[in-house]
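Trainee: Mind looking over this structure? Questions follow.
Number of protein chains: 2
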Amino acid sequence: MTPGSTRELGTTSVTAEEIKEFAAKYDPQPFHLDEEAAKHSIFGSLCASGWQTAGLAMRLTVDNMLKKTPSKGSPGLESLKWLKPVYPGDQLTLRHTILEQKAMRKRPDTGLVRSRWEMFNQDGAKVLEMEGWGMFGRREPATPAELAQLDAQRAAS
Amino acid sequence: MTPGSTRELGTTSVTAEEIKEFAAKYDPQPFHLDEEAAKHSIFGSLCASGWQTAGLAMRLTVDNMLKKTPSKGSPGLESLKWLKPVYPGDQLTLRHTILEQKAMRKRPDTGLVRSRWEMFNQDGAKVLEMEGWGMFGRREPATPAELAQLDAQRAAS
Numbered sequence: 001m002t003p004g005s006t007r008e009l010g011t012t013s014v015t016a017e018e019i020k021e022f023a024a025k026y027d028p029q030p031f032h033l034d035e036e037a038a039k040h041s042i043f044g045s046l047c048a049s050g051w052q053t054a055g056l057a058m059r060l061t062v063d064n065m066l067k068k069t070p071s072k073g074s075p076g077l078e079s080l081k082w083l084k085p086v087y088p089g090d091q092l093t094l095r096h097t098i099l100e101q102k103a104m105r106k107r108p109d110t111g112l113v114r115s116r117w118e119m120f121n122q123d124g125a126k127v128l129e130m131e132g133w134g135m136f137g138r139r140e141p142a143t144p145a146e147l148a149q150l151d152a153q154r155a156a157s
Numbered sequence: 001m002t003p004g005s006t007r008e009l010g011t012t013s014v015t016a017e018e019i020k021e022f023a024a025k026y027d028p029q030p031f032h033l034d035e036e037a038a039k040h041s042i043f044g045s046l047c048a049s050g051w052q053t054a055g056l057a058m059r060l061t062v063d064n065m066l067k068k069t070p071s072k073g074s075p076g077l078e079s080l081k082w083l084k085p086v087y088p089g090d091q092l093t094l095r096h097t098i099l100e101q102k103a104m105r106k107r108p109d110t111g112l113v114r115s116r117w118e119m120f121n122q123d124g125a126k127v128l129e130m131e132g133w134g135m136f137g138r139r140e141p142a143t144p145a146e147l148a149q150l151d152a153q154r155a156a157s
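As they're listed, the protein sequences go chains U and V.
Residue numbers for the first sequence follow the UniProt record's numbering, so the first one is 1 and each next one is one higher.
Residue numbers for the second sequence follow the UniProt record's numbering, so the first one is 1 and each next one is one higher.
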């Protein structure tokens, strides 16, 4: 969890059937549901809901990072960018970078880690970028010195 | 699409089966997959993936707003907050507020609208809050005056 460290979290892809199945349930817009309608949209052909793309990134994150950590969920994201459409069969690779970590004032047994996720397709084009926070169990609870530092930072900001 | 206007976009809910089905595919963490494991997590019992909660909000947005508009997708969100867990059977109501609208420099036939989404459970607790942009077809293309104003704003910022 060293700030600045980057690693690859694997590769995934999505089929036309999976795109339509997800869209029917969570994002039933024509360009996610129907090839013919998608041809006439700004995307040019059937593409995945941005929420499904985010879900694919989450799955890689769970399988290749969170499963090995004491993850306690996330309070949210500071940004989420859908930069390019994701089409059936695209080979999607996820890169994860640790940006920052700090203790959590209300829960000394929990640490907060800010990360960036970047997903690229087989052409090297970035399709998704997210930045946000995750909560993790700490091996050792935050020390009084760390908590005092947090309080000082809060008072100064 | 008047800035400041707010409307309710309906109510939805999710079952334990749907929570597990989504999690198995996109977010296989123990507290989204298994009641017993969830009891020992910080959430106290089985709860939905935050990505599924966002998907539920998207579905209400499509059904009760986007279907009636010339929606062209979204470039992304400026924030996404998972404020409370969503449990099976929670009654989730979505509120949508228009924050801002402007022309799109590169596509005079497209407008950008910034919105806030807030989802509340049956106890009135906010479970999800998102802010971000949508792209919409315009009835009339942006006028030269609007595009000149955009350029002036960009030059000043």
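Built from N, CA and C at the ideal position, the CB exists for glycine as well.
Note that this is a predicted model, so its numbers are computed, not measured.
List the endpoints of the continuous beta strand (DSSP E) containing Phe120(U).
Mentor: Looking at the DSSP string, the run of the beta strand (DSSP E) that includes Phe120(U) is 110 to 120.
Trainee: Hey, could you find the ends of the beta strand (DSSP E) Leu136(V) is sitting in?
Mentor: Correcting the residue identity first, residue 136(V) is Phe in this sequence and not Leu. Segment 126 to 137, the beta strand (DSSP E) holding Phe136(V).
Trainee: What are the residues of the region 54 to 66 of chain U that lie near chain V, defined by any Cβ-Cβ distance shorter than 8 angstroms?
Mentor: From the region 54 to 66 of chain U, only Ala54, Gly55, Leu56, Met58, Arg59, Val62, Asp63, Leu66 have a Cβ closer than 8 angstroms to chain V.
Trainee: Does the Cβ-Cβ distance between Pro88(V) and Leu147(V) come in under 8 angstroms?
Mentor: Result no, Cβ atoms of Pro88(V) and Leu147(V) do not sit closer than 8 angstroms.
Trainee: Measure the C-alpha to C-alpha separation of Ala152(V) and Leu92(U) and round it to an integer number of angstroms.
Mentor: Using only the alpha carbons, I get a separation of about 38 angstroms.
Trainee: Looking at the unbroken beta strand (DSSP E) that takes in Lys102(U), where does it start and where does it end?
Mentor: 92 to 103 is the span of the beta strand (DSSP E), which, as asked, contains Lys102(U).
Trainee: Taking 8 angstroms as the threshold (C-beta atoms), are Leu94(U) and Ala57(U) in contact?
Mentor: Yes; because the gap between Cβ atoms is below 8 angstroms, this pair is in contact.
Trainee: Residues in the same chain with beta-carbon distance under 6 angstroms from Thr97(V), minus the five sequence neighbours each way, listed in chain order, please.
Mentor: Hits under 6 angstroms: Thr6, Arg116.
Trainee: Please compile the residues from chain V whose C-beta is within a distance smaller than 8 angstroms of the C-beta of Leu80(U).
Mentor: Here the neighbours are Gly76, Leu77, Leu80, Gly132.
Trainee: Using 8 angstroms as the limit for Cβ to Cβ distance, is Pro141(V) near chain U?
Mentor: No, Pro141(V) does not count as interfacial toward chain U.
Trainee: Exposed or buried, which one is Lys126(U) when buried takes at least 16 other CB atoms within 10 Å?
Mentor: Exposed.
Trainee: How is the alpha helix (DSSP H) around Leu77(U) delimited, first residue to last?
Mentor: Counting along the chain, Leu77(U) falls outside any alpha helix (DSSP H), though it belongs to the beta strand (DSSP E) covering 76 to 82.
Trainee: So Pro30(V) and Ala37(V) are supposed to be a Cβ contact under 8 angstroms. How far apart are they, rounded?
Mentor: Right, the Cβ-Cβ distance comes to about 4 angstroms (below 8 angstroms), so this counts as a contact.
Trainee: Tell me Thr11(V)'s beta-bridge partners as DSSP assigns them.
Mentor: Looking at the DSSP assignment, Thr11(V) forms a beta bridge with Thr93(V).
Trainee: Using beta carbons (cut-off 8 angstroms, strictly below), is Lys84(V) in contact with chain U?
Mentor: Answer no: the Cβ-Cβ gap between Lys84(V) and chain U never drops below 8 angstroms.
Trainee: Ile19(V) and Gly73(U) look like a contact to me (Cβ under 8 angstroms); what is the Cβ gap, rounded to whole Å?
Mentor: Not quite, the Cβ-Cβ distance comes to about 14 angstroms (not below 8 angstroms), so this is no contact.
Trainee: Nearest chain U C-beta to Pro28(V) closer than 8 angstroms, yes or no?
Mentor: Yes, contact with chain U.
Trainee: Which of helix, strand or coil does DSSP assign to Arg154(V)?
Mentor: DSSP places Arg154(V) in helix when its eight states are reduced to three.
Trainee: With Pro75(U) and Trp82(V) assumed to form a contact (beta carbons below 8 angstroms), what rounded beta-carbon distance in angstroms separates them?
Mentor: So it is a contact: roughly 6 angstroms between Cβ atoms.
Trainee: May I have the straight-line CA-CA distance separating Glu78(U) from Gly10(U), to the nearest angstrom?
Mentor: When rounded, the distance between both Cα atoms is 23 angstroms.
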